[in-house]
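K.L.:
I'd like to ask some things about the structure below.
Protein chains in written order, with this note's numbering: chain S, 59 to 810; chain U, 59 to 810.
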């Protein structure tokens, strides 16, 4: 059905291959991306590659407002499209052997080996090439330090089978362009380039007319070699170089430590001093010690978060790859940051903040990291409340409207059907507050920052609905639901449902934690209740389904299996209007609502809706399969659940959607974890009770995962038995297959 | 309610004022635009104006594909937005008196007078300014020749009250920018500048990446003066100048004849020779003779087309202004041209071809000009049939889809809700074929080119509908109707109606004029019939109205009068999504269909729909009031009809929509004529019978107009009697108030 392309071998901990893929070089680069939450980069080759490549180095929170114009401007259209930008290439080291530059696009390597070790975050690559009769073996090692976020560490080793002249040119190159740029503009200008105390360049984003902050970024590198030789440094526009020449050598090793400082943290005039302050101790520490730190830091993360699957290394590799890339993108250290859909692996989607965070990432971070990480994700939105109020005003509405795409809180995407209409995001953000509060039991957030957000979002919804006199119901017209393959629809069941829930939950929280300072009047609360009581939810009694929107059932309904497969993926084969008119669903829409509010619907309702919508779903959003896996698991459709798991777990590794060359689907990587934990293990937390009802996929011997829940660390292992072990914290009452059990040490039942 | 701004005095034949309007300078420029079908320009000042101005000279068929990008590109989005471009400024003549440049933005003129004479198309302006103690009276006269389309004629007279040094600099200036340019690019590059035999410049449109033709334009000027003096010519980038200096003179006159040649007609290497060939005889002929020709040519047009209104000079001025500007824009000489919404008066809307032509302009040109003019408008579309087929393919559909906005036939507007969805234009184009055939009785067009267009358009519609199994009906989802204040709606009554009509009319014509070469199969015709028989038309039995689209009645329905007037116009005060959700209608939608197919609906149906929709209509499209005027007249709502007439007749003169500073609403100018002839006089041509049922607005003494109908020229005068006079051609049976009468010479009945 779907196209599958698997470049890397199956291995539980490694992304490794002995093949160089010239045809799929960008895909290989995407899959070997590394990051440390502060910065990251695609798997570009240090020595350069003159073939098809997408060079990309990204620094968290550094972005540019790209100019964009549609045909006719309308009131309220954002003026720019914010995007993550490719920043200084600091890993580059040109290698010449006997005067010839090494370039794998032009040479056929022997013994090629490329490996991303997910256990440690270290990327290595080695190969042998023959250059003018000299056999040279090159080995590259690099990682972005978790211990020192500003630090990149590289080691390059060159061995030859006979004495040769080896020239290594270590570069900092700011002459970079965005692949995603509307008009091929270069987004960077030089601020300064120098070599005291070490080679460095400072570049700044172009000025803009939109009042958006300009960012400056300094990269400073200290390069050492063994044997030691004198180097020559030189500078040119937006770049500097340090050249090391070795004559008649058979082995040379280069160590390059680079520090990146940005104006987000340090005033530009202090960049050089700040970089030096971090760089010097790192050089003193040395490669091996830095590597040991790195291994240690990743080990800590894995200890809290690892998921093991026995009997299916492909599935094992998939879940680890996803967790690795998620943590490489975001680990909660900086509350000004969020989780871009491509992380540090590409530029598509602008790379800003989406509702993906609240809908898909929050549940994972709640369970796998310290509570403070999720809290930082919530604070991010609270900090942007004034901008969300601004967005609502732009639409002539009250309250706060969180943006669909943003860096600052101000909407920065300019398609009206998304910006103005995909307002269901304003439900996911309150949902995350609920989720945090319900999961952690910590009410301090909702009482304080949380209610400030909730009340303003509730005010938005109360203003955005209208009362249809004909139907005697409140309605929400002109929206785009989670299924972006339709838009400007009326009464999207999901949107109406989550809007009404926001009003209900806000009222409940306000009653529980009164906040007179927010000025909510009795009339306001009464109005909210009236909307909750009289909201219209499209439903078809005959089919027994919630209807995606008012006229969905008038479409030419058919299942994806009735389509000739040459039509898939639709977004690459059909014109936009044809997609919009079709019944085909990009991602869970009604089912997304049933997932969020799973305790409010019966199994029969869930089944009818799943059976009706799933066959029409093309899953062309990477966010889709996981929700289907979870529901299928709950409905006992094991085969479907496993199929959907595989699709989410190996979406990038198998390039399911044929678009991973652009970068990884970072935010949807949570989906594989959700599918195992909320799907196969049926973990739920309704009513502040942790419950499980696991099944084990037939093809797996066992699976196991950890859960951080209210001060406990629990280990859950599912074989033909389910074993729940309390690894840290006080005894806890949970539900297992509907039975209450007290977990004091370890508790075990037969799998049902 | 609406904002009214009237800059010019009421006069039956003139647009004249004694006030210079610095604040509304652009509006004044728009209203004093002139054109001759080949080229035209806004009322810019010859001597320059350093205040707020919109300099604009436009040459028919010369355009540029401007770059444009929305957030995320989708399959089928056009890559560029084609727009008319501001071309070489050839009227400029700087005037210095005793060393000081005349500039009305900096000087206070006395006896200012500005006049556009609609009878002759001559623009004059005169004023007196005091410069360093010298009183100087300047008079400017210019026109674009109807007799020689490439020719512009200017006369400038300067008189001083004492001898003064007068310096006149005649310029050709290609350094011009578009006001409508997405990124302020200059669209022109210089090809050559010279002064042999006379000063000229040749500029060419920028190269583009879209495969769009580049145009080159040559302007050559011969300037003479009285008294004669030697001049000095000089050139600079994209410009040339000719300087005349007069010492101690009290009167100087300058004559400037300019010829414009384009690569549309003459290969660039022959431009200079071609220009000279036209320029020389014009100079020999001299200003007065050229002026006499001009007066004569306009007189011929007025003879066939004039509408007189006695007792209301404001209304009289309105209709004449509209007819004048229409004929200045298009008089059918060149079948490669069409009627842009701003003509030669501005750049808004890209200036290309819209469905306005077929829906609003064809009926007027049919009645007021030779049949060949309308036939050229039809041929324009036939010539673009291959491009229309291309457009349909872009959407994955069969047949032909005429573009919403175009220069070449290829869609060149990139908002999907317009490009992909406002497909009702594909009904108006067949309707114009019907209209031409039914009006003229000439079947030769439909038999030949016409059926080729009809069959391909029918194939489009047959492919674009879908069958709703639930409803057992054919439906059309995902469209934008004539009311662009909604989009992506389902089952727009107007679109469904006209689509079905196309299938019906095409079948009828195919039966009458078989065309085996078109390969229409019996199955195809059967399918068309099935769609006609089973098309879904939304209707509300209780209200007795056709419903604009599926969920229109669920909206928060209210009348415009319930809105605080500060909200109007909505498009300047509301965000786009708010407009889309509202019930407010930009222009006739259901009523447009009732107008087109007026013989298929009862008076009661018309009335119910008019009463329902009109109060919700904001008429923010200039195409709206005329249709309402016509229907109101038919329904006997005289006051509403007159109100709507006034709005269409004086839309620009009174700046009703507060946007005439951008240029005139050329295509909607037909509306005032339609309102009088099809409205007040109730002229209809159903079933090949010409009929009238006139009423006379109370405030008018009388009105009269001419009709060119099947080889006759008829004069109709409406006072308290209706007099129909046959001025040319054979006797004709017509219907007057439903009674058949034979018009041989003149026929007269009492007005009902």
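Beta carbons: idealized from backbone N, C-alpha and C, even for Gly.
For chain U, is any of its Cβ atoms less than 8 Å away from the one on residue 411 (chain S)?
P.N.:
Not one chain U Cβ lies under 8 Å of residue 411 (chain S).
K.L.:
Return the chain-ordered list of same chain residues with a C-beta closer than 8 Å to the C-beta of residue 253 (chain S), the five sequence neighbours on each side being excluded.
P.N.:
Taken in chain order, the residues that qualify are 291, 293, 298, 300.
K.L.:
For a contact meaning CB atoms closer than 9 Å, what does residue 478 (chain U) contact in chain S?
P.N.:
Those within 9 Å of residue 478 (chain U) in chain S are 633, 634, 635, 636, 638.
K.L.:
Taking all protein chains shown into account, decide if residue 267 (chain S) is buried (16 or more other Cβ within 10 angstroms of its Cβ) or exposed.
P.N.:
Exposed, by the Cβ-count rule.
K.L.:
Going by beta-carbon coordinates alone, are residue 470 (chain U) and residue 138 (chain U) separated by less than 8 Å?
P.N.:
Yes, these two residues count as a Cβ contact at 8 Å.
K.L.:
Are there 16 or more other CB atoms within 10 angstroms of the CB of residue 623 (chain S), so buried, or fewer, so exposed?
P.N.:
With fewer than 16 other Cβ atoms within 10 Å, it is exposed.
K.L.:
Buried or exposed for residue 527 (chain U), going by 16 or more other Cβ atoms inside 10 Å?
P.N.:
With fewer than 16 other Cβ atoms within 10 Å, it is exposed.
K.L.:
How many angstroms separate the CA atom of residue 798 (chain S) from the CA atom of residue 666 (chain S)?
P.N.:
Roughly 29 Å separates the two Cα atoms.
K.L.:
Nearest chain S C-beta to residue 593 (chain U) closer than 8 Å, yes or no?
P.N.:
So, not an interface residue.
K.L.:
Distance check for residue 754 (chain S) and residue 741 (chain S), CA to CA, integer angstroms please.
P.N.:
Spanning the two alpha carbons is a distance of roughly 13 Å.
K.L.:
CA-CA distance, residue 621 (chain S) and residue 675 (chain S)?
P.N.:
Their Cα atoms are separated by approximately 12 Å.
K.L.:
Give the single residue among S:597, S:392, S:552 whose Cα lies nearest to the Cα of residue 654 (chain S).
P.N.:
Taking only the C-alpha atoms, the option nearest residue 654 (chain S) is S:552.
K.L.:
Hey, is residue 224 (chain S)'s beta-carbon within less than 8 Å of any beta-carbon in chain U?
P.N.:
No, residue 224 (chain S) lies away from the interface with chain U (no Cβ there is under 8 Å from its Cβ).
K.L.:
Could I get the ranges of all uninterrupted alpha helix (DSSP H) runs contained in the stretch 188-256 of chain S, with 4 residues as the minimum, in chain order?
P.N.:
Listed in chain order, there is nothing to give.
K.L.:
Do three or more CB pairs link the stretch 196-204 of chain S to the stretch 274-285 of chain S at distances below 8 Å?
P.N.:
Touching, no.
K.L.:
Below 8 Å, can you find three or more Cβ-Cβ pairs linking the stretch 646-661 of chain U to the stretch 469-487 of chain S?
P.N.:
The stretch 646-661 of chain U is not in contact with the stretch 469-487 of chain S.
K.L.:
Given residue 467 (chain S), which residues of its chain have a CB within under 7 Å of its CB, disregarding the five upstream and five downstream residues?
P.N.:
Excluding residues within five positions, the ones whose Cβ falls inside 7 Å are 442, 445, 446, 461.
K.L.:
To the nearest angstrom, how far is the alpha carbon of residue 195 (chain U) from that of residue 302 (chain U)?
P.N.:
Cα to Cα, residue 195 (chain U) sits roughly 18 Å from residue 302 (chain U).
K.L.:
Consult DSSP for residue 453 (chain U) and reduce its assignment to one of helix, strand or coil.
P.N.:
Correct three-state label for residue 453 (chain U): coil.
K.L.:
For a quick check, are the C-beta atoms of residue 121 (chain S) and residue 143 (chain S) less than 8 Å apart?
P.N.:
Contact flag set, yes.
K.L.:
Out of curiosity, what's the CA-to-CA distance linking residue 642 (chain S) and residue 505 (chain S)?
P.N.:
About 41 Å.
K.L.:
How about residue 529 (chain U): is its C-beta nearer than 8 Å to some C-beta of chain S?
P.N.:
Chain S contact via Cβ: present.
K.L.:
Can you say whether residue 661 (chain U) is buried or exposed, counting buried as having 16 or more other CB atoms within 10 angstroms of its CB?
P.N.:
The residue is exposed, with fewer than 16 neighbouring Cβ atoms inside 10 Å.
K.L.:
For the stretch 161-170 of chain S against the stretch 372-381 of chain S, do three or more pairs of beta-carbon atoms, one drawn from each stretch, fall closer than 8 Å, so that the two count as touching?
P.N.:
No, they do not touch.
K.L.:
Just the chain S side, please: which residues come within less than 7 Å of residue 718 (chain U) by C-beta, in chain order?
P.N.:
Neighbours of residue 718 (chain U) on chain S: none; closest Cβ ~18 Å, over 7 Å.
K.L.:
Is the CB of residue 128 (chain S) under 8 Å away from at least one CB in chain U?
P.N.:
Chain U contact via Cβ: present.
K.L.:
Applying a beta-carbon distance threshold of less than 7 Å, which residues of chain S neighbour residue 133 (chain U)?
P.N.:
What residue 133 (chain U) touches in chain S: 632, 633, 634.
K.L.:
Which residues does DSSP pair with residue 72 (chain U) in a beta bridge?
P.N.:
Answer is U:175, bridged to residue 72 (chain U).
K.L.:
Taking the alpha carbon of residue 529 (chain U) as the reference point, which residue from S:614, S:213, S:760 has its own alpha carbon closest?
P.N.:
Closest by alpha carbon: S:614.
K.L.:
Against chain S, with Cβ distances strictly below 8 Å, would residue 526 (chain U) count as a contact?
P.N.:
Cβ-Cβ to chain S under 8 Å: yes for residue 526 (chain U).
K.L.:
Check whether chain U comes within 8 Å of residue 655 (chain S), counting only Cβ atoms and requiring the distance to be less than that.
P.N.:
No, its Cβ sits nowhere closer than 8 Å to a Cβ of chain U.
K.L.:
Applying a beta-carbon distance threshold of less than 8 Å, which residues of chain S neighbour residue 536 (chain U)?
P.N.:
By Cβ distance, chain S contributes 635, 638, 639.
K.L.:
Chain S beta carbons: is any one of them nearer than 8 Å to that of residue 241 (chain U)?
P.N.:
Taking Cβ atoms only, chain S reaches closer than 8 Å to residue 241 (chain U), which makes this a yes.
K.L.:
Using 8 Å as the limit for Cβ to Cβ distance, is residue 611 (chain S) near chain U?
P.N.:
Closer than 8 Å to some Cβ of chain U, the Cβ of residue 611 (chain S) qualifies, so yes.
K.L.:
Using a Cβ cut-off of 9 Å, which residues of the stretch 450-466 of chain S contact any Cβ in chain U, in chain order?
P.N.:
Of all residues in the stretch 450-466 of chain S, 452, 453, 454, 455, 463 have a Cβ within less than 9 Å of some Cβ in chain U.
K.L.:
Is there contact here, the stretch 759-772 of chain S with the stretch 723-730 of chain S, by at least three beta-carbon pairs under 8 Å?
P.N.:
Cβ pair count under 8 Å is below three, so no.
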